[in-house]
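Counting from 6, one number per residue, gives the positions in the sequence shown under this note's numbering. Idealized CB from N, CA, C, for every residue including glycine.
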Amino acid sequence: MGSNARGYKGVGAVSYETLIRDVYKFNKDRDKLKAYHQGCKRLAALGVTLPPEVRVLEIVVNWPRLVIESLEERLDVEGFRLAGSDTTDQRLWGWWQARDMDNESSLLHTETLIQGRAFSIVGNPVTGNDPAITVHSAKGMAMHLDPLTGEPLEALRHYTDVDDVDAGAHYTPNTTEYFKRGTGGWLRHKTVNHRLGMVPVTPFVNRGLIDAREGESEMTDAMVLTDACSRTLTNLQISQELVSIPGKWVMGASGTDFVDRDGNIVPRWQAYIGHVLAISNPNAKAGQFAGADLRNFVEVVNLYARLVSSLSGLPAAFLGLTTDNPPSAEAITASEARLIKRAERKQRAFGASWERTMRVAMRLAGVSGGERLETVWRDPATPTLASKADAATKLVQAGILPVDMALEMMGFSAEQRRRAAELRMDPTLSAVGL
Numbered sequence: 006m007g008s009n010a011r012g013y014k015g016v017g018a019v020s021y022e023t024l025i026r027d028v029y030k031f032n033k034d035r036d037k038l039k040a041y042h043q044g045c046k047r048l049a050a051l052g053v054t055l056p057p058e059v060r061v062l063e064i065v066v067n068w069p070r071l072v073i074e075s076l077e078e079r080l081d082v083e084g085f086r087l088a089g090s091d092t093t094d095q096r097l098w099g100w101w102q103a104r105d106m107d108n109e110s111s112l113l114h115t116e117t118l119i120q121g122r123a124f125s126i127v128g129n130p131v132t133g134n135d136p137a138i139t140v141h142s143a144k145g146m147a148m149h150l151d152p153l154t155g156e157p158l159e160a161l162r163h164y165t166d167v168d169d170v171d172a173g174a175h176y177t178p179n180t181t182e183y184f185k186r187g188t189g190g191w192l193r194h195k196t197v198n199h200r201l202g203m204v205p206v207t208p209f210v211n212r213g214l215i216d217a218r219e220g221e222s223e224m225t226d227a228m229v230l231t232d233a234c235s236r237t238l239t240n241l242q243i244s245q246e247l248v249s250i251p252g253k254w255v256m257g258a259s260g261t262d263f264v265d266r267d268g269n270i271v272p273r274w275q276a277y278i279g280h281v282l283a284i285s286n287p288n289a290k291a292g293q294f295a296g297a298d299l300r301n302f303v304e305v306v307n308l309y310a311r312l313v314s315s316l317s318g319l320p321a322a323f324l325g326l327t328t329d330n331p332p333s334a335e336a337i338t339a340s341e342a343r344l345i346k347r348a349e350r351k352q353r354a355f356g357a358s359w360e361r362t363m364r365v366a367m368r369l370a371g372v373s374g375g376e377r378l379e380t381v382w383r384d385p386a387t388p389t390l391a392s393k394a395d396a397a398t399k400l401v402q403a404g405i406l407p408v409d410m411a412l413e414m415m416g417f418s419a420e421q422r423r424r425a426a427e428l429r430m431d432p433t434l435s436a437v438g439l
């Protein structure tokens, strides 16, 4: 029979109910951030009221998604390397591949950049002997960190089980306790003693600060400018409908002077785009007003785009700002310098979290030696393959790098490097100098 969780603290320092309250406290802005990323943040939500007849003209420019995806595209994990090894560890990479982490890690990185944080959880194998590594959004998650070291002391995951019942898992360094909500509150119904000595939940934090470990969305700086640009583009749409087509004027004519192509009198004063007005009155005069110049809207949108570029580190070309002269390769590289550096900073922060995740997996599998573990990332820059091959060849010939590290520098995956090593050992290929 389960025990009541009211006031229950187990081996941790925070009660289960306190962590449950934290779940809701740290998820208050989740829906707003998700709406910005999906381009669903409408002007009505900003306090901008549009007449019903022009709401169809509303435009929302999705710069937040561009900021997220341009950065996430450069965050690819290619393996894990233990201290003293020149190659990535095959066992750890096998665990990674078994859980489809190439795809799952991309989802986690995206979630972390959008919401400011996400989590990985390591659990017992579901099938086989490989530790189960799963990724989770911050929705339903809460964590208590050591104020001195920043190490997780305990965590909670709130979810709905297969029976559509509110459930929760309370993770501590040596146990995982499972709860279900009953008529009398939260009831503890199962305890797993894993004895890992560390909480099997790892936070991934974006833009964390010393006194704000919960992180911040990467879209924050672009959101206000996105709202401003959406208003400008909506005003542009309305102006196109109202004043961009030159207005026509007629003097000295009455309604009976307007006829259609067959000579029939048009029943109302109407002007159609692309139609020629035929007037039977020879004394009438017709003309048109000058069309409105809408370039001021374009200039304002370009201003907002430049501000987003400067705040996010995105090259101006990513935001549609181009020049008549195509940029050189050196100019393209220079324009991406800040974006590349930001990607490297994310790799360092996220890499530390992946290393902790794999250390938990190693402990669960009874594997030692994970204290000095390194995450191997794909180069976030975008040099050509030819330039990377030339640099790698020179480093190998100078004896600075072994062949496997040169292949890693060129962007070959762990499996491709393993295959290349096998082919180098093939006596037939060696005999012909390959």
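Near Val72, which residues of its chain fall below 7 Å by C-beta distance, leaving aside the five closest residues on each side in sequence? Glu223, Met224, Ala227, Ser317, Leu319
Tell me the rounded alpha-carbon separation between Ala403 and Phe417. 21 Å
In terms of residues, what are the limits of the alpha helix (DSSP H) holding Phe302? 300-317
So within the segment 186-245, which uninterrupted alpha helix (DSSP H) runs reach at least 4 residues, ignoring any that extend past its ends? none
Between Gln352, Pro178, Asp431, which has its C-alpha nearest Leu113's C-alpha? Gln352
Close beta carbons around Thr380, own chain, < 7 Å, minus the five adjacent residues each side: Val82, Phe85, Gly356, Trp359, Glu360
In the DSSP assignment, the beta strand (DSSP E) including Leu161 goes from what residue to what residue? 157-165
Residue ranges of each beta strand (DSSP E) within the segment 329-406, 3 or longer: 378-382
Taking its Cβ as the centre, do 16 or more other Cβ atoms sit within 10 Å of Leu153, making it buried, or is it exposed? exposed
Kindly indicate which residue of Ile405, Phe184, His42, Asp135 has the alpha-carbon position closest to the one of Gly371. Asp135
Does the contact criterion of 3 or more C-beta pairs under 8 Å hold for the segment 164-178 versus the segment 64-79? no
Would you be able to state if there are at least three C-beta pairs under 8 Å between the segment 97-109 and the segment 179-199? no
Any 3 or more C-beta pairs closer than 8 Å across the segment 117-136 and the segment 203-210: yes
Through-space distance from Met363 to Leu214, alpha-carbon basis: 24 Å
Between the C-alpha atoms of Leu80 and Ile126, what's the straight-line distance to the nearest angstrom? 20 Å
With distances taken between CB atoms, is the gap from Ala160 to Ala143 smaller than 9 Å? no
What does the Cβ neighbour count give for Met256, buried or exposed, with the cut at 16 atoms within 10 Å? exposed
Cβ atoms of Val401 and Ala411: under 9 Å apart, would you say? yes
Bridge-paired residues (DSSP) for Ile138: Val127
Spell out the partners DSSP gives Gly145 in its beta bridges. In DSSP, Gly145 forms no bridge with anything.
Check whether the Cβ atoms of Pro385 and Ala348 lie closer than 9 Å to each other. yes
Going by the CB atoms, is the gap between Arg377 and Ala88 shorter than 9 Å? yes
According to DSSP, what are the bridge partners of His114? DSSP output for His114 lists no bridge partner at all.
Pull up the distance between the alpha-carbon of Asp94 and that of Leu230, whole angstroms please. 45 Å
Taking Ala411 as part of the alpha helix (DSSP H), name the residues at either end of that continuous run. 408-414
For Ala339, count neighbouring Cβ atoms within 10 angstroms of its own Cβ and tell me buried if that reaches 16, exposed if not. exposed
Measuring straight from C-alpha to C-alpha, what distance separates Val365 and Leu201? 8 Å
Would the beta-carbon of Ser111 fall within 9 Å of that of Glu77? yes
Which residues bound the beta strand (DSSP E) around Lys253? 253-256
Evaluate Glu182 with the Cβ neighbour count: other Cβ atoms within 10 Å of its Cβ, from every protein chain shown; 16 or more gives buried, anything less gives exposed. buried
For Arg86, the residue or residues it bridges with in DSSP: Glu379
I want to check one thing, is the minimum distance from the CB of Pro178 to the heavy atoms of the ligand GTP below 8 Å? No copy of the ligand GTP appears in this structure; indeed no ligand is present at all.
With a CB to CB cut of under 7 Å and the five nearest residues on each side skipped, what residues in its chain are close to Arg383? Asp81, Glu83, Gly416
Gly292, enclosing beta strand (DSSP E) - first and last residue: 290-293
Candidates Leu241, Met414, Ile405, Pro407: which alpha carbon is nearest Lys393's? Met414
DSSP on Leu428, reduced to helix/strand/coil? helix
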